[in-house]
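Heads up: the sequence shown is residues 89 to 490, going by my numbering. Here the structure is laid out as structure tokens; the discussion comes afterwards.
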Amino acid sequence: MKTQAPQNTSYDVVIIGGAIMGSSTAWFLTDNPDFNGSVLVVERDTSYQNSSTAHTNSCMRQQFSTKLNVQISQFAADFVKNLPERIGDVRVPAQVIQNYGYMYLADNDDFAKVLRENQKVQLAAGAETQLLGPEEIKERYPFYAVDDIVAGSINLKDEGYWDGGTVFDWWRRSAKDRGVEYVSNEVVAITKNEAGTLVESVTLASGEVIACGQVVNASGPRAARTAQMAGLDIPVEPRKRFTWIFSALQPLDRELPLTIDPSGVHFRQDGPKTYLAGCPADPDPAVDYDDFHMDHGRWENHVWPIIANRIPQFEAIKVVTEWAGHYAYNTFDQNAIMGPHPEVSNFIFLNGFSGHGLQQSPAMGRGTAEWLTYGAYRSLDLTSYNYARIPQNRPIIEKAII
Ligand SMILES: Cc1cc2nc3c(=O)[nH]c(=O)nc-3n(C[C@H](O)[C@H](O)[C@H](O)COP(=O)(O)OP(=O)(O)OC[C@H]3O[C@@H](n4cnc5c(N)ncnc54)[C@H](O)[C@@H]3O)c2cc1C
89 MKTQAPQNTS
99 YDVVIIGGAI
109 MGSSTAWFLT
119 DNPDFNGSVL
129 VVERDTSYQN
139 SSTAHTNSCM
149 RQQFSTKLNV
159 QISQFAADFV
169 KNLPERIGDV
179 RVPAQVIQNY
189 GYMYLADNDD
199 FAKVLRENQK
209 VQLAAGAETQ
219 LLGPEEIKER
229 YPFYAVDDIV
239 AGSINLKDEG
249 YWDGGTVFDW
259 WRRSAKDRGV
269 EYVSNEVVAI
279 TKNEAGTLVE
289 SVTLASGEVI
299 ACGQVVNASG
309 PRAARTAQMA
319 GLDIPVEPRK
329 RFTWIFSALQ
339 PLDRELPLTI
349 DPSGVHFRQD
359 GPKTYLAGCP
369 ADPDPAVDYD
379 DFHMDHGRWE
389 NHVWPIIANR
399 IPQFEAIKVV
409 TEWAGHYAYN
419 TFDQNAIMGP
429 HPEVSNFIFL
439 NGFSGHGLQQ
449 SPAMGRGTAE
459 WLTYGAYRSL
469 DLTSYNYARI
479 PQNRPIIEKA
489 II
């Protein structure tokens, strides 16, 4: 890493990690007329090649089981669809969401019941989730084999693929234009005051000690390591997730929704003739921060047979490219961990997004910027996601985790 020294020795806000969460927060700070502090973003790998943001599958859904998670995705959809106006820059390309929807498939009555319960929450929050029986699924999507399926759910409004990379690029670019300083460097230590109640400074790999008013942990799968520098714990670990892009000898005659097979494998349309599939490692332990090794047997022995079973036309497919990425996996409840540490009040978490952080980045960046500015959330109340729920043992159970 070629390090850069920051221009100053003190900032109001230091953000550790400049990928989508760090950049969303930085940008929303610049967009808030009530915030006029200085912001430093420290990023250890400005290629972002190993970040979760670079390895994402870039999908958005409204099919969550809590109202707040639905509202968070609704804000994302609105933000993405109005990107040039939101960023306030005519150079920003207009965005669409490819609304092929997520198709959750249930092969047992218990999960069908969960889909029914989730639908009620989603409809009440304004989503357009439809419950389907196996015949209806087959009628709409004749390519599926549905012999073992008892129910499915799909929502075709603001649900599918979106271009997270473009949003990330423009948050970064616009934040820099508006005065946020990004440096290529690594935070290697964090110093607190004598009482241990406040962070005073961060130390960079190149040796500079930077004083800070508030610090944001936006370090993705390395969240626990960053928290440890301040003597704090957070239940987040890197877990491997594999992705394959494949082509089909005979492409499907209509768009493939992001299908969540009962096996846990998911697959979706990726281009006119290409598709994407993903699944976790098995077993699924915490891995080394730098371990992006691909398990090639996982495709041949697990994923391909499952896909071909669900869509017989996909017997004839071939892998075009593949990668392993890391979820910042929240072992406590797989949901976001935000807000201040109860005892170190200027250490702000923005972590643990597991598999749904990309779509949550607009709402969570905006919320974190509000917290940094006002010490409270002003738009969506995200308090229930605050770190405080962990010592209080109050998990947020989200039944629709991928
Ligand atoms: C395979 C896969 C598929 C996914 N699919 C989806 C999806 O379809 N939809 C969805 O919403 N979400 C999805 N996600 C999740 C989503 O991509 C992540 O939640 C999101 O990108 C997290 O962003 P982040 O900024 O928190 O973390 P990251 O993107 O990992 O960024 C953290 C940054 O912090 C930097 N950093 C770490 N420590 C330090 C330090 N000490 N000093 C300086 N810099 C540091 C790192 O270099 C990195 O750039 C997926 C994730 C994966 C892996």
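Glycine included, every Cβ here is placed at the ideal spot set by N, Cα and C.
Verify the contact flag: residue i, CB atom, against every heavy atom of ligand 1, threshold strictly below 7 Å.
i	result
residue 42	The structure shown does not extend to residue 42, since the chain spans only 89 to 490, so no value can be given for it.
residue 286	no
residue 364	no
residue 261	no
residue 153	no
residue 136	yes
residue 130	yes
residue 109	yes
residue 186	no
residue 247	no
residue 300	no
residue 306	yes
residue 159	no
residue 352	no
residue 355	no
residue 320	no
residue 446	yes
residue 489	no
residue 390	no
residue 310	yes
residue 420	no
residue 294	no
residue 114	no
residue 269	no
residue 133	yes
residue 272	no
residue 415	yes
residue 106	yes
residue 147	yes
residue 139	yes
Given the structure, does residue i come close to ligand 3, in the sense that its CB is under 7 Å from one of the ligand's heavy atoms?
i	result
residue 144	Inclusion of ligand 3 in the displayed structure is not the case, the ligand content consisting of ligand 1 alone.
Is residue i near residue j, with beta carbons less than 8 Å apart?
i	j	result
residue 440	residue 112	no
residue 354	residue 490	yes
residue 420	residue 350	no
residue 274	residue 293	yes
residue 222	residue 234	yes
residue 309	residue 140	yes
residue 185	residue 168	yes
residue 395	residue 365	yes
residue 152	residue 161	yes
residue 287	residue 298	no
residue 462	residue 437	no
residue 296	residue 94	yes
residue 318	residue 435	yes
residue 486	residue 422	yes
residue 333	residue 314	no
residue 514	residue 254	In the structure as shown, the chain starts at 89 and stops at 490, and residue 514 therefore has no counterpart that could be examined.
residue 348	residue 193	yes
Please confirm if the segment 234-244 is in contact with the segment 126-140, defined as three or more CB-CB distances below 8 Å between the two stretches. no
Counting only runs of 3+ residues fully inside the segment 257-316, write out the beta strand (DSSP E) ranges in chain order. 269-272, 275-280, 287-292, 297-305
Whole alpha helix (DSSP H) runs in the segment 349-417 with 4 or more residues, listed along the chain? 392-398
Say whether the segment 372-381 touches the segment 324-335, bearing in mind that this needs 3 or more beta-carbon pairs closer than 8 Å, one atom from each stretch. yes
Complete runs of the alpha helix (DSSP H) confined to the segment 93-172 [at least 4 residues]: You should have 108-118, 140-143, 155-169.
Give the list of continuous beta strand (DSSP E) stretches no shorter than 3 residues that lie fully inside the segment 181-221. 190-194, 218-220
Three or more C-beta pairs under 8 Å: does that hold for the segment 90-107 against the segment 299-309? With the cut-off at 8 Å, the segment 90-107 and the segment 299-309 touch.
Any 3 or more C-beta pairs closer than 8 Å across the segment 397-404 and the segment 448-465: When Cβ pairs closer than 8 Å are counted between the two stretches, the segment 397-404 is seen not to touch the segment 448-465, the count staying below three.
Give, in chain order, every unbroken run of the alpha helix (DSSP H) that is at least 4 residues long and sits entirely within the segment 407-470. 445-462
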